[in-house]
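Student: Submitted below is the structure of interest, expressed as C-alpha cells.
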Amino acid sequence: MADDTDTKTPEPTEATPGSFQRGIMRLPVRTIILSVLSIVLLIFIVWGTSRTLSLEVSTFSGDGWKRLISDGVARGAIYALIAMGYTLVYGILFMINFAHGEVFMSGAFTAFFMARWLDQTGFLNESPVISLLILFAVSMTVSTTIAVVLERVAYRPLRGAPRLVPLITAIGASLFLQNTFRGFYGASAEAYPTIDILAGSIEILGWPMRKIQLVVVLAAGALMLGLFLFIRKTKTGRAMRAVGEDKEIASLMGIDVDRTIVSTFAIGGLLAGAAGILFVYLFRGGSVNFFMGFFPGIKAFTAAVLGGIGNVVGAGVGGLLLGVLEAVGPFLLLEGFNVPSPNQLQLLISFSILVLVLIFRPGGLLGSADEERA
Amino acid sequence: MTEQLLVVEGLVKHFGGVRAVDGVDFHADEQEIVSVIGPNGAGKTTLFNVVTGFYQADSGTIEFDKFPLTGLKPNRITALGIARTFQQIRLFPNLTVLENAMVGQHARTRSGPFGAILRPPWTVREEREITERAREVLGFFGDNLLPYEDMMAFELSYADRRRLEIARAMATHPKLLLLDEPTAGMNPVEKHGLVSLIGRLRDERGYTVILIEHDMPVVKNVSDRVVALDHGQEIAQGTYDEVSNNEQVIEAYLGKKKAVESA
Amino acid sequence: MAVPATVQRETAPTETSSWLNRSLFTTGAIGGLVVVYLVAVGMVESFQSLNVLTDVLSLGRAMIIISFLVVGYLASRRLQRLGHEAEGPRLAGGIVAGAVAGGVSALVLLFVNLIGVEHVRRMFQSFTVNLVDNVLSFGQGVAFGAIAMVVGGAVLGLAGAGLALLPDRLRRATLTGLGTAIVVSLANTFIVAVFRNLESNFGLDIPLGWLYTGTGLAYSGLVVMLAAGFAVSWWRTRTPPEPEATRVEAMSGERSLLGLVRGRPAKVVGWLALLALLVLMPLIVGQFLSQVINTVGIYVLLGLGLNIVVGFAGLLDLGYVAFFAVGAYATAILTSSASFLGGPFNFWVALPLVVLIAVFSGILIGAPVLRLRGDYLAIVTLGFGEIARVFIASIWLQDYLGGAQGILRIPGPPLFGVNLRDPTNLYYIILAFCLIAAFVAWRLKDSRVGRAWAAMREDETVAEAMGISIINYKLLAFAIGAGVGCLGGAFFAIQVGSVFPNSMDLLVSINALSVIVLGGMGSIPGVVLGAFGLVGLPELLREFEEFRLLIYGAVLVALMILKPEGLLPEVRRRRELHERELEEEQYEGRVGEGAEPVLRAEASEDEEKK
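Chains as they are written, first to last, in the working numbering: chain A, 130 to 503; chain B, 199 to 461; chain C, 107 to 716.
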C-alpha cells in the first residue's frame, strides 16, 4: 500500500524525473536543433547567392534574370489559381483537400482531347481565341464536376470527423482519381497541339517575356479579380465567409450550409480548370498525363500556406512569391556552386518553403484563417 | 497556528484591453476552505489559471508555501502540490476511470521507456503502487467510482465525471486543491453530496481547498471564508455572512439579492 | 460543435409517397454510371480473362452482374426506410432500379456504337471492339447487348431486392456464401500454389480438381464454397447478436477463434495452430510467396513503428518513409562493398548502428514539429519525407548516397552459412524482429509511458499540467517510431539487395499509414491484419496489378466513410470515431443513458447511468 495516503498533510514530493527525462530536459533540444538547421540553411543560401552574383562571367545577363522573373511570375500566377482552391476549402471546412491537384489534372487532361480535335480540323489555329475559350470551358466544366462530386461522395459524409479521417479520405480520393483517369485516357503522356500565335516573345516596357506568359498573367489576374469581387460582393461569397467563421451560426442565420460548401468546391474547380489550360501552354512541351496534378498540387498548397491558409489574397501573394522563388532560386543558388540540374532543386525549394513556413510561421505571411494554429 | 499556504499579492493579468485580474490580494490558510465568488467575468477562473501556471501574470506575486510561483510552468506547479479541476470538465475521456487516476500520479513517478519495456522490479513495484494509490483515491468517493474503474471516462454520468476529476487531482498528491465550479450542473442532492465531500477533503486528507462557486447555499455550507471578486478586483472578504451582506457584493450580483437572503 | 451542421438522416416515412419515387431512379442511374465507369476505366475488359466460374462467367461480367444486384438491394433497402415494408413494392422497386441501371448502361453502349468504337477509343482507351462486341453484347450485336442489359438489370435488380427482403440470418448466410465463393475463386493462384507446396514439402497430396478448372471455380467448387460460406455464417449466428458491450469485450479481450468456437480449450488450440502456421509458413507457401510474406513483414514493422507515433502518441506523421530510407540506406552504406565506406561491417554489427542513426534522425525530425498539430504536422512530415528523397537522389550527395543509381551489392546477413537472402530463410529473421517490435509496442502501451502518450493525445494542456513533459514524450515517440521503422528499411535493403531513391517513395508512407488505419490505429493485431490486407493481397492478386492503386484509393475512402476505426480496432477508438453518431442518437433522445459524447463541453443535467 502506498504510504502518505492517510496523513493529514501529505508531503508533495518533488517530481523526480527518470534518468532519460532528466537528460533531455536540461537541454532546450528543440531550440538547439532549429537554430542549427536555420544557420546551416542561411549560410548555404547566402554563400550560393553571393558567389553567383559575384561571378564575373555569369551565365545570365540582366536580360536573362528578367526572363527568369517573367517565368516566375507566370508560374506563380498559375500556382495562385490552384492555391485559391485549397485556401477556399480550408477556410470553410478546415480540411486540406489533398485531391485538389487531381481536380486540376482532370480538366487539363480532358480538354486535351478537345484541343486535339480542334487542331485536326484546323480550327485551333484559325480561331485561336475562340478555341482557347472552348478549351477553358471544357477544362473548367470537368474540373468543377470532379470537385463537386468529390465533395458529395467523399467529404460530405465526414463533416464532423476528427482531422485524420478527412485527410486519409483525401489521400485515397487523390489516388483514386489519378488512376481513374489513367484508366480512362491511358498511362502515356499526351502533348497539347501548339497554338501558333502564343509562341514567341515580346517586350513590354523593355521587359522581355514570352507571349504566353503575358496571357497567363492577364488571364489569371482577371480570374482572381473576379473571385475577389465574388467573395466580397455576392450573397454566396458572403455566405462562404460566414460558414467559414461559424458553421452552426451560419445555418441558424438561414444560410444553406451544404450549398455554400458545394459552391466553394465548385469555384475551386473552376479556377483549377482554368489553371490547367494555362499550365499546359506555359510549360513548353505542354504534356498532360494522369500524374500531372501531384507536384503542382503540392506547390500550390505550399503557396496557400505561404500566404496564410484560408486567406484568399494570401494565396495570390504566396503563389507569386513561390513562382518567382522557384524560377530564380535554383540559378541564384547553384550558379555559385557550379552545380548542374537545378530542376531537382525546384521541388526542394517548394518543400523547404512549405516546411519552413509551417514551422516558423504557420499563419503564413498574411495571416491564416485558423487562429489556433498560428 | 495556521500558516498562509497560498499568498497572492497585487496580481494583474490582462488580455489585450481586458483587465481580467486587476490587482487582487488573496490568501488561503492551511486546511482552510475558501470560496471565491463573483459574477461572470469577474476574473475567478483567470485567477485559477494564473495560479496554476496556465497564464503568466503580468505583475504581482504568488507564493505557495513560501515558494514563488511566478514564471513556473503548469507541470512544475503541479509537482509543488497544487491541483485543479476545470469549469468544463477536462478528463481524458477515452481513458478508463482507473487510468485517469493513474495518470494523475505522473508527476510523482519515474518509470521511463526502458522500464516499460524491460519491466525491472522497481518498475513493477512502481506500477503496483500507482494502481493501488489510484484505487485508494477512487475509493474516497465510496461506491461512485471504484466499481467502475474499467469504464471509459466519458461513459460516466455527469456527477461522477466531476468526482473523477477531483479524484485525478487528488492523485497528484497535492496540498492545495483548486476546484472550479464543482457543483455546476448538479441537482440539489448531488450538490449536498459534494459539500460533504469537500468537507471530507479537508478533514480526512488535510487538503486546503479553494473553490469557485456560484451556488450560494453551497458556499454558505462549505466555506470557512469567502472572497468576492468583481471586474478583476477583490471587493469583499470574510465569512459568508459578512460577504453576503456587503453592499458592493449585492450590487455586483444585482438581482441576486433574493437568493443571497434566502440562503 | 455539439450539433452537426447537417444531420445525415433518412427522411421520416411519409405515407403518401408512392414506392415509385425518385430515389429508385437515382439509385438506378448511379448504378448504371458505376457500370459505365467500370467499363471505361478498363476493369471489365481486363478481367474478361479471369474467370469466376469455369469459363462461363468471367470476372468482368461478374462485376457488372454484382453491380446490378447491389442496385436492386439498395433500392429495396431504400424503400424500406422510406416506410414501404411490403414485399411487393420493394421487389418492384428493385426491378425498376435495376432496369434504370441497365438502361443507362445500354444507352451508353448504343451511343458508343453510334459514334463508332474507334472514335471513342481515341479518348477513352478502354473501349475496344472486343469489349463492345463480345463482352457486352455476347457476340450478338449491340442491340442484343442493350436489351440484355436492361432486362438483365431488371432481373438482377429483382434478385437483389429479394436478397434484401430475406430475414437477417438468411441474408447474411447467403451473402457470406457468395462472398466465399468469389474470394476463393479469386484466390485461385494462391491456393493452388499453397497446395502444391504442401505436397512437395509435406507430402500432402490434396487434389483440387473439384475446386478449380482453369482460372475459375468448377461447378462443384462453386457449390461447395457457397454451401461452406452459408454454413459457417449460419453456425456463427446461431445465438442472437450480442449487445454492444459484450461485443466490444469480445473484440478486445476474449477473442474467440473467428467466432466459431468459444472457451478456453478452443483458445489454446487456436494459438497453437497460429504458432504452427507461423513456423511452417515458408514451407506452406513456397519460395515466391515467401517473398511476399517478407514484404508483408516489412510493412508490419513499419506499421508497428508508425503505430507508436500516430496511434499511441497521436502525432500524424505522413513522412514515415524518411525512417524507412534511413534504415535502408544506412544498412547499405555500412554493409555494401559498393558504398563509399566499402562495406566494413556485416549486417549484425551494422544493425545497432543503423538503429542508433534512425533514433537520432527521429529526434531530428521530431524537434521542429513539436508545436504543430493535426494537418499541419502531417504536411510538414510529408515535406520532410519528400525532401529526404530529393536529397538521396541528388547529384551533390551522389558520392555518398549513390544518387539515382542507388547502392548495390548489399550482402545478406551472415548466419552460420545459412543463406539469408533466400526468402524462406529471411522470413524467420523478419518474423523474429516483428515479434520483438510487437512486444516492445505492447509493453509500452500498457505502461506509464503509454498512459502519458494517451493523455497527451487526449488533451495536451491538461496532460502537461499532470507533469507530462510534452516535448520529451513527443520526441520519445518519434525516436522509438524511427527505431522500429528503420528495421523495415534495413530488411528491405537486404531483401532486394540494393537501394534506390525511387523506392523511398511517398507511397511507402501512405502504405504504412493505410496499414494502421485499415487495421485500426493503436491496435497491434490490427497492424498485422492491415499489412496482410494492403500489402499481401495485392501481391497475391497479381492480375489486379494495373488497378491496384485505384482499388487502394477507393478502399481508403470507403473505409473512412464506413469504418474509420479500422477492422480490429481498440475499443476506445470505435467510440471516439462514432461519437458523432452517438451524439445524434442522443440528440434524438434514443439513448437515454449517460454515455455522453466526448466533445460536448457543456454541462448537462441529470444523466444517471446506473
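Cβ coordinates follow ideal geometry from the N, Cα and C atoms, glycine included.
Taking only the alpha-carbon atoms, compute the straight-line gap between B:Ala218 and B:His429 and give it to the nearest angstrom.
Tutor: Rounded to whole angstroms, B:Ala218 to B:His429 spans 7 Å at the Cα level.
Student: Specify whether the stretch 274-284 of chain B and the stretch 560-574 of chain C touch according to this definition: at least 3 beta carbon pairs, one from each stretch, less than 8 Å apart.
Tutor: Enough Cβ pairs lie closer than 8 Å, so yes.
Student: Pick out the complete alpha helix (DSSP H) segments inside the stretch 217-303 of chain B, 4 residues or longer, and give them in chain order.
Tutor: If we require 4 residues or more, the alpha helix (DSSP H) runs fully inside the stretch 217-303 of chain B come out as 242-249, 272-278, 295-301.
Student: Compute the Euclidean distance between the alpha carbons of C:Asp239 and C:Leu215, then round it to the nearest angstrom.
Tutor: Straight-line Cα distance between these residues: approximately 10 Å.
Student: Just to make sure I have the definition right: I need the residues of chain A whose C-beta is within less than 9 Å of the C-beta of C:Tyr658. Which are they?
Tutor: Correct list: Gly301, Leu304, Phe305, Asn308.
Student: Determine the burial state of B:Glu201: buried for a count of at least 16 other Cβ atoms within 10 Å of its Cβ, exposed for fewer.
Tutor: The residue is exposed, with fewer than 16 neighbouring Cβ atoms inside 10 Å.
Student: Relative to the ligand SAH, is the shortest distance from any of its heavy atoms to the C-beta of C:Arg227 smaller than 7 Å?
Tutor: Looking at this structure, you won't find the ligand SAH or any other ligand, since it has none at all.
Student: Go through its chain and collect everything with a Cβ distance to C:Gly200's Cβ below 6 Å, but skip five positions before and after it.
Tutor: The answer, listed in chain order, is Gly178, Ala181, Ser182, Gly263, Leu264, Gly266, Ala267.
Student: Is the shortest distance between the beta-carbon of C:Gly320 and the beta-carbons of chain B less than 8 Å?
Tutor: No, C:Gly320 lies away from the interface with chain B (no Cβ there is under 8 Å from its Cβ).
Student: Would you tell me roughly how many angstroms separate the C-alpha atoms of B:Ala367 and A:Ala401, rounded to the nearest one?
Tutor: Going by the C-alpha atoms only, they are around 53 Å apart.
Student: Nearest CA to the CA of B:Gly383: which residue from B:Pro372, B:Arg359, B:Tyr438?
Tutor: Checked all of B:Pro372, B:Arg359, B:Tyr438; the closest Cα to B:Gly383 is B:Arg359.
Student: Report the neighbours of B:Thr307 on chain C: residues whose CB is nearer than 7 Å to its CB, in chain order.
Tutor: Those are Arg554, listed as they occur along chain C.
Student: Would C:Ala207 be called buried (16 or more neighbouring beta carbons within 10 Å of its own) or exposed?
Tutor: With 16 or more other Cβ atoms within 10 Å, it is buried.
Student: Kindly list, in the order they appear in chain B, the residues whose Cβ is closer than 8 Å to that of C:Arg75.
Tutor: Summary: the structure shown does not reach residue 75 of chain C, with chain C confined to residues 107 through 716, and so no result is reported for it.
Student: What's the C-alpha gap between B:Val447 and B:Glu228?
Tutor: Near 26 Å, if we compare the C-alpha coordinates of B:Glu228 and B:Val447.
Student: Taking a Cβ distance cut-off of 9 Å, strictly less, list which residues of the stretch 320-333 of chain B are near chain C, in chain order.
Tutor: Listed by position, the residues of the stretch 320-333 of chain B near chain C (Cβ gap below 9 Å) are Thr321, Glu324, Glu325, Ile328.
Student: I'd like to know if B:Leu204 contacts chain C, where contact means its C-beta is closer than 8 Å to some C-beta of that chain.
Tutor: Not an interface residue.
Student: I need the boundaries of the beta strand (DSSP E) containing B:Lys211, first residue and last residue.
Tutor: B:Lys211 -> beta strand (DSSP E) spans 202-213.
Student: Rounded to a whole number of angstroms, what is the C-alpha to C-alpha distance between C:Ala379 and C:Val385?
Tutor: If I take the Cα positions, the gap works out to 10 Å.
Student: Report the start-end ranges of each alpha helix (DSSP H) in the stretch 186-263 of chain C that is 4 residues or longer and not cut off at the edges.
Tutor: Correct list: 193-221, 223-227.
Student: Verify whether the separation of the beta carbon atoms of B:Phe246 and B:Ile364 is less than 8 Å.
Tutor: For B:Phe246 and B:Ile364, no; Cβs fall outside 8 Å.
Student: C:Asp721 lies in the beta strand (DSSP E); which residues open and close that run?
Tutor: What the structure shows of chain C is the stretch from 107 to 716, and residue 721 of chain C is not part of that stretch, so it cannot be assessed.
Student: Could you tell me whether the stretch 427-438 of chain A touches the stretch 204-213 of chain A, using the rule of 3 or more Cβ pairs below 8 Å?
Tutor: Touching, per the Cβ criterion.
Student: Does any CB atom of chain C fall closer than 8 Å to the CB of B:Pro311?
Tutor: Output row for B:Pro311: interface = yes.
Student: Give the secondary structure of B:Asp422 by DSSP, where H, G and I count as helix, E and B as strand, and everything else as coil.
Tutor: In the structure shown, B:Asp422 sits in coil (DSSP, three-state: anything other than H, G, I, E or B).
Student: Once DSSP output is grouped into helix, strand and coil, what is the label at A:Leu356?
Tutor: The answer is helix: DSSP assigns A:Leu356 an H, G or I state.
Student: Suppose the cutoff is 7 Å on Cβ atoms and the five residues either side in sequence are ignored; what does the same chain contact list for A:Ala318 look like?
Tutor: Only Ser416, Val417, Asn418 meet the Cβ criterion.
Student: Looking at A:Asn440: is its Cβ nearer than 8 Å to the Cβ of A:Gly373?
Tutor: No.
Student: Run through the stretch 303-359 of chain A for me and flag every whole beta strand (DSSP E) of 3 or more residues, listed as ranges in chain order.
Tutor: Entirely contained in the stretch 303-359 of chain A, the beta strand (DSSP E) runs reaching 3 residues are, in chain order, 330-333, 336-339.
Student: With the cut-off set at 8 Å, would you say C:Val486 and A:Val165 are in Cβ contact?
Tutor: Not closer than 8 Å, so no.
Student: Give me the Cβ distance between A:Lys428 and A:Tyr219, rounded to the nearest whole Å; I'm assuming they're in contact under 8 Å.
Tutor: The Cβ separation is near 16 Å, so there is no contact.
Student: Is the CB-CB distance between C:Asp611 and C:Val427 below 8 Å?
Tutor: Yes; because the gap between Cβ atoms is below 8 Å, this pair is in contact.
Student: Which whole runs of the beta strand (DSSP E) in the stretch 330-382 of chain B are 3 residues long or more, in chain order?
Tutor: Those beta strand (DSSP E) runs which fall completely within the stretch 330-382 of chain B and span 3+ residues are 374-378.
Student: Determine whether the Cβ of C:Met666 lies closer than 8 Å to any Cβ atom of chain A.
Tutor: So, interface residue.
Student: Exposed or buried, what is C:Gln511 when buried is set at 16 or more other beta-carbons lying within 10 Å of its beta-carbon?
Tutor: By the neighbour-count rule (16 or more Cβ atoms within 10 Å), C:Gln511 is not buried but exposed.
Student: Taking a cut of 7 Å between CB atoms, which residues from the stretch 478-495 of chain A lie near chain C?
Tutor: Within the stretch 478-495 of chain A, the residues whose Cβ lies closer than 7 Å to some Cβ of chain C are Phe480, Ser481, Leu483, Val484, Leu487, Ile488, Pro491, listed in chain order.
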